[in-house]
Amino acid sequence: MKHSLPFEPLFPILSVADVERLETIPLDQALTVQSTYEIFCNSALAFGDKTALTFLTSADPDQEPIRWSYAELLAGIHQTANLLHRLGITPNDAVAVLLPGCLEYHLALWGGEAAGIVQPLNPLLSDEKLVSLMNAGRAKVLIAWGADEDSGFWSKAMRIRALVPSLTAVLRVAPVNEINVPELPEGVFDFTAERKRERNDCLLSGRNIAPADIAAYFHTGGTTGAPKLARHSHGAQVFTAWGCVQMQGVRSTDVTINGYPLFHVAGVLPGSLTSLSAGVEVVIPTTSLFRNRDVIKNYWRLVERYRATVLSAVPTVLAALANVPVNGADISTIHYCRTGAAPLSPDLSLRFEKLFGLHIHEALGMTEMAGISTITPPGVVAPAGCVGLRLPYIQLRIVALDEKGGASDLDVPAGEQGMVLFKSPNLFSGFVDPQDNANAFTQDGWLATGDLGWLDSQSLLHLSGRSKDLIIRSGHNIDPKVIEDAISAHPAVQLCAAVGAPDAYAGELPVVFVTLVPGATVSEAELLAFAAEHVDEAPAKPKAVTILDAMPMTNVGKIYKPELRQIAAMAVQKAKSAQ
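Sequential numbering of the sequence shown, starting at 112, is according to the numbering used here.
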């Protein structure tokens with residue numbers, strides 16, 4: 112394998128003209144790296160003893176962390192790939208991963224991709240769904256955390272292993288500083304001990320990885336119905352890392368605290384692979400990541416301790432951080448703040464800028480496009496709801512909706528709302544189950560995202576919601592974001608979500624659920640009156656506001672609207688019964 116340089120930005124991206132300037136170089140000349148394995152070989156050669164990963168054993172900024180250099184990371188990837196090869200993993204076999212945030216996750220991810228196909232699993236899914244995913248991927252090896260902690264990792268691993276016929280071995284990852292090492296049953300091996308038996312300087316398989324080879328199976332959804340397995344090629348993941356480096360101006364001097372879960376594309380690709388392809392130090396904030404309340408509480412002190420230059424988190428985490436005072440911590444090193452995965456309210460955006468002097472740049476990413484589609488680069492100041500410019504070599508269209516709310520083949524003019532469609536070098540290789548591909552693409556091969564949005568005069572993409580989240584009242588399409596933005600402006604509101612409640616006459620009526628800023632008090636009647644005053648569209652004025660103690664969330668920090676719709680439907684049924 113011919114080594115090339117690690118990724119670095121060619122020049123700052125500030126407009127679509129800059130994106131087009133980059134595209135004057137043919138893609139096969141701009142990006143010559145073939146696989147994620149090659150990324151780590153290049154980074155180890157260039158950065159050697161520089162810190163790649165910093166794992167925090169606790170959220171205490173004074174606690175000494177565990178660090179791995181780029182050279183150590185590549186050595187561990189080699190050992191892991193060689194161990195998996197010894198266990199019979201070939202390029203077409205899946206390696207399932209059931210781990211919290213930890214250093215070993217990166218060995219499982221990148222060693223798994225060097226040997227076969229890695230399949231990260233959400234530990235909060237039920238046994239039934241985990242078994243379904245592993246059977247769909249025909250997982251041959253499971254790498255699992257050797258303790259239960261808050262997600263029951265080890266107990267789940269031991270329960271489900273017998274229900275996956277393709278599984279031949281389980282590798283147990285011991286928690287840090289484990290004292291009492293348990294006796295392992297037949298077919299279960301100590302990951303670290305077995306890994307250290309392997310060579311650390313090459314792939315014993317002699318594998319030559321091609322860009323079209325499948326690197327990973329990532330599951331979409333999983334909170335309702337059957338999760339779907341999306342196939343990522345090595346080329347798609349490599350493009351995501353390279354494109355993010357170009358758009359964000361990522362440098363080897365950067366430091367990022369990556370609190371995204373590593374079963375999710377945001378944490379693995381824009382969050383980790385991008386950084387590690389460019390020589391960045393990636394801080395893993397404890398096994399619980401941003402779900403650790405102490406990490407949130409100490410976040411600004413952690414920024415000061417590790418001289419973090421990039422802040423990246425979903426809006427719900429940013430909302431929690433907005434309640435954490437800086438208390439004199441030096442956060443001046445942060446030069447870029449990015450969010451995605453869910454809508455950013457204008458109020459939170461303004462509050463964050465006022466409190467911390469940080470403008471939040473939004474991005475659009477999805478599993479089906481290896482984690483990233485558009486990015487608002489540093490230096491581009493855009494309003495909330497703007498997710499930035501398309502990456503180089505990506506094609507983007509906005510089309511009108513058809514009568515069923517799907518994508519038509521009619522392009523809409525700039526400034527008009529429609530469904531967002533993409534074609535891209537990082538487009539996924541389809542779902543494992545071919546039946547799942549039916550609604551993913553248009554007839555002429557464009558990815559139908561389900562996102563509604565519009566392009567402004569500068570070719571910046573603005574999102575306005577999801578087609579499936581539209582509230583349809585007497586034939587009137589109501590964008591829930593219109594309601595959410597209005598109510599989020601109330602100083603007592605922390606999080607807000609609008610959904611449709613069933614109505615016999617209108618079909619659906621808009622209702623709102625909110626959580627409050629800690630210590631704030633306001634009545635539901637006051638919030639309803641505030642909404643009536645601030646929501647301009649008459650049909651969009653909500654019929655009810657409900658204050659919740661906690662918002663139902665998905666495992667990656669998105670507000671889970673199906674549960675809110677269910678609560679709304681039950682409230683309607685209860686009101687009918689009382690009549």
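Here a beta-carbon is modelled for each residue, glycine too, at the ideal position from N, C-alpha and C.
It is roughly 16 Å from the alpha-carbon of P176 to the alpha-carbon of L184.
The count of Cβ pairs closer than 8 Å, one atom from the stretch 324-331 and one from the stretch 510-520, stays below three, leaving the stretches out of contact. Straight-line spacing of the CA atoms in S423 and S599 works out to 21 Å. Secondary-structure assignment with DSSP links Q230 through a beta bridge to A207.
Taking a contact as a CB-CB distance under 8 Å, the pair A255 and L210 counts as one, their CB atoms being some 7 Å apart. Judged by their CB atoms, T427 and L236 are not nearer to each other than the 8 Å cut-off. A direct Cα-to-Cα measurement between L387 and F118 gives close to 9 Å. In the structure shown, the three-state DSSP call for F300 is strand. For the pair V391 and I368, the CB atoms are not nearer than the 8 Å cut-off.
Per DSSP, the beta bridge partners of H573 are C497, W565. Cα atoms of P454 and S484: separation of roughly 15 Å, rounded to the nearest angstrom. Under the DSSP assignment, I325 falls outside any alpha helix (DSSP H), being part of the beta strand (DSSP E) whose first and last residues are 325-331. With distances taken between CA atoms, H343 lies nearest to Q230 out of Q230, Y417, D312. Put simply, of V361, G212, V491 the residue whose alpha carbon is nearest the alpha carbon of H375 is G212. When secondary structure is reduced to three states using DSSP, E224 falls in the helix class.
Apart from sequence neighbours up to five positions away, the residues of its chain that approach G490 with a beta-carbon distance below 6 Å are L125, ordered along the chain. Counting other Cβ atoms within 10 Å of its Cβ, V130 reaches 16 or more and is therefore classed as buried. DSSP, read as helix, strand or coil, puts R362 in coil. M269: member of the alpha helix (DSSP H) spanning 264-271, first to last residue.
Secondary-structure assignment with DSSP links I177 through a beta bridge to F166.
Here S344 carries a strand assignment [DSSP, helix/strand/coil]. Contact annotation: the stretch 236-251 does not touch the stretch 289-307, with fewer than three C-beta pairs closer than 8 Å. G354 carries a helical assignment under DSSP once its states are collapsed to helix, strand and coil. According to the DSSP secondary-structure assignment, K408 is paired through a beta bridge with no residue.
E392 carries a strand assignment under DSSP once its states are collapsed to helix, strand and coil. In the structure shown, G476 adopts coil according to DSSP, grouped into three states. Spanning the alpha carbons of V523 and A225 requires a straight line of approximately 43 Å.
In the structure shown, the three-state DSSP call for L235 is coil. Exclusion of the five residues before and after F624 leaves A608, T657, L659, L675 as the residues of its chain whose Cβ lies within less than 6 Å of its Cβ. DSSP places P381 in the helix class (H, G or I) of the three-state scheme.
A655 and V622 have their alpha carbons spaced roughly 5 Å apart.
A direct Cα-Cα distance of roughly 10 Å separates G263 from G257.
At the C-beta level, A419 and I445 come within 8 Å of one another. Straight-line spacing of the CA atoms in S146 and N153 works out to 11 Å. Of all alpha-carbon atoms in V510, T487, A679, the one lying nearest the alpha-carbon of G499 is that of T487. When beta bridges are read from the DSSP output, P621 appears opposite G611.
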